[in-house]
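Worksheet for the structure shown next.
In the numbering used here, the protein residues as written are 1 to 638.
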């Protein structure tokens, strides 16, 4: 079944076309990625699909039965509700059903004519069945699961959303959307503000999502793991590729090469025919053959020259001189903010030619460490030592120094005044600032444009140690690939922080994890790191299970107080006996309830108001007892 179809959709802003005859199709359970450079019109197309923007021509077809859920790039929950109440609002219909069930139960407990009771009981059974099928007994568990996955498990769920940060509000908006489970999820940059643990959870959640997904994301690792089809939006039009992001890149290159060869072959044939016609048309002996060739030329359907990628930033990083073998040494580093210790006793070393990625959850101090290395803040204790001939270039994820009212040209030229204007302009041209673009105010630039200016300045430094803090933020996919190519050819040393797992895989020769104030080194890329972490977690779980299952060793017994051990074992036996007794009682109650429910279906019972009421009362009493027993069992289990 087709849940979304865009047929020849076009859109223009003034005289400038944004989309022309765009075609997109999403089938049931498909995961479709919409990719394209910044400004290609991806967000515009999504807004038209969800009805936030009109189309100029064409048609967007969505079946009436299909519900769409939309997460925009700048979704923000503006509400005075608490975290729990806001998530609970998704289940308003279920809550109404639950309230009506409680109301029916109170009504059934009162005296009434038999026919009214029968009618009420039938309504109650149907409503209870609907409530169960629609998730009435698991919606609270669903809320807790999503909030835990989005890293809200440490929050008090009574926290007002208005007190949260913008990133936290965006994560909650995503959680609310996931809980609503629409048939089609339309997601515009859903991975913003997510750390790697949360990203992995989101990937797993979306992979098992029961509906269809249309997503825009600059996270290529995310697209590789999630999507089954890629729709590229380029030069106002779309091209579809059936596969994930890596397949799309390979197939796109193959298609271009095939089209180029076909075009060149046809051009050679055209030239040959035209030459023959020109030479032989005026000769009486060959004029008929020349006319035949001319007709062949006229009938030929000429191929257009295949268009390669749109113009992308093209640059490289060089160094003035090489550093010594030992580039950076950090020993016993400690940094505090007020009374809070960010980390202490941090050790880290870099040697020439290494490319080291610093990984860790948000708030572990990665950016703080980079700022200490670049002397933007002073450590409370410890040493940061540079090797011989080391020169440092720093890229700031916030572009804090790019808020001036200078022009782009002035911003770069003022830092490198010895360089002539022509060379500065040529440099900026590599980063797609041509003509009057260099006269734009820096403060008016987009995030991606500021990132390109910052990279241009970094290129001019020609440092042999690059310190990069989230260098792929704000860059479109093409620019990310150009940056990766430049860094892979860079002859110096790199220390960087990034949440872009695809980027880490291509650049990192070593991953250093910063966790709970300690560093752990992994000699490999992100895939190696994640596999080792998974392997270590599995080993720890196995060891924990072995420890829990195996008898205490002789030497452990000798160190353990005999009386304490005896008391512990006695308590464990009592707990196990009580749990077994509870399980037996639960089985008995479940059997009794099944028999009582069967009795309610018998004509002589449901037609007898008194009997039916007695059975219903017994069912309620049994269920209350079962709930109490389950609570006791769960407390014993933990």
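C-beta: ideal position from N, C-alpha, C; glycine also. Nothing here was measured: the structure is a model prediction, and the numbers come from that model.
Spatial neighbours of residue i in its chain, beta-carbon cut-off 8 angstroms, leaving aside the 5 residues before and after
| i | result |
| --- | --- |
| residue 198 | 149, 150, 151 and 171 |
| residue 101 | 124, 127, 128 and 131 |
| residue 628 | none |
| residue 664 | In this structure the chain extends from 1 to 638, so residue 664 is not present and cannot be described. |
| residue 95 | 88 |
| residue 407 | 438, 439, 440, 441 and 442 |
Residue i, buried or exposed, once every other Cβ within 10 Å from all chains shown has been counted against 16
| i | result |
| --- | --- |
| residue 387 | buried |
| residue 547 | exposed |
| residue 610 | exposed |
| residue 370 | buried |
| residue 48 | buried |
| residue 168 | buried |
| residue 267 | exposed |
| residue 323 | buried |
| residue 534 | exposed |
| residue 679 | Examination of residue 679 is not possible in this model, given that the chain is present from 1 through 638 alone. |
| residue 411 | buried |
| residue 166 | exposed |
| residue 300 | exposed |
| residue 405 | exposed |
| residue 173 | buried |
| residue 245 | buried |
| residue 330 | buried |
| residue 465 | buried |
| residue 428 | buried |
Separation of residue j from residue i, as counted between CA atoms
| i | j | result |
| --- | --- | --- |
| residue 44 | residue 76 | 19 angstroms |
| residue 455 | residue 471 | 9 angstroms |
| residue 442 | residue 476 | 19 angstroms |
| residue 393 | residue 478 | 23 angstroms |
| residue 372 | residue 523 | 24 angstroms |
| residue 242 | residue 46 | 20 angstroms |
| residue 635 | residue 141 | 18 angstroms |
| residue 554 | residue 351 | At residue 554, the pLDDT of 49 sits below 50, so the modelled position is not reliable; the number obtained from the coordinates is stated separately. Taking the straight line joining both Cα atoms gives about 48 angstroms. |
| residue 537 | residue 496 | 26 angstroms |
| residue 513 | residue 59 | 50 angstroms |
| residue 83 | residue 618 | 38 angstroms |
| residue 120 | residue 153 | 41 angstroms |
| residue 42 | residue 467 | 32 angstroms |
| residue 23 | residue 517 | 51 angstroms |
| residue 602 | residue 144 | 40 angstroms |
Sequence-distant residues of its chain with Cβ nearer than 7 angstroms to residue i (five each side left out)
| i | result |
| --- | --- |
| residue 316 | 486 and 489 |
| residue 622 | 589, 592 and 593 |
| residue 176 | 86, 87 and 90 |
Cutoff 6 angstroms; reference residue i; Cβ partners in own chain excluding five residues on either side
| i | result |
| --- | --- |
| residue 61 | 5 |
| residue 239 | 232 |
| residue 320 | 462 |
| residue 277 | 290, 293 and 294 |
| residue 131 | 97 |
| residue 552 | Note that residue 552 scores a pLDDT of 49, beneath 50, so its modelled location is shaky; the value from the coordinates is reported in the next line. Counting only Cβ-Cβ distances below 6 angstroms, and skipping sequence neighbours, we find nothing. |
| residue 662 | Since the first and last residues shown for the chain are 1 and 638, residue 662 lies out of range. |
Beta-carbon gap between residue i and residue j smaller than 7 angstroms
| i | j | result |
| --- | --- | --- |
| residue 334 | residue 344 | yes |
| residue 409 | residue 390 | no |
| residue 68 | residue 184 | yes |
| residue 235 | residue 306 | no |
| residue 191 | residue 219 | yes |
| residue 526 | residue 504 | yes |
| residue 378 | residue 342 | no |
| residue 90 | residue 55 | no |
| residue 227 | residue 33 | yes |
| residue 230 | residue 187 | no |
| residue 3 | residue 66 | yes |
| residue 327 | residue 493 | yes |
| residue 382 | residue 515 | no |
| residue 21 | residue 448 | no |
| residue 26 | residue 162 | no |
| residue 600 | residue 615 | yes |
| residue 336 | residue 380 | yes |
| residue 413 | residue 424 | yes |
| residue 605 | residue 612 | yes |
| residue 508 | residue 357 | yes |
| residue 29 | residue 195 | no |
| residue 189 | residue 217 | yes |
Any chance you could list the alpha helix (DSSP H) runs of at least 4 consecutive residues sitting entirely within the region 361–444, in chain order?
366–373, 408–413 and 421–430
Runs of beta strand (DSSP E) lying entirely within the region 110–181, each at least 3 residues, in chain order:
none
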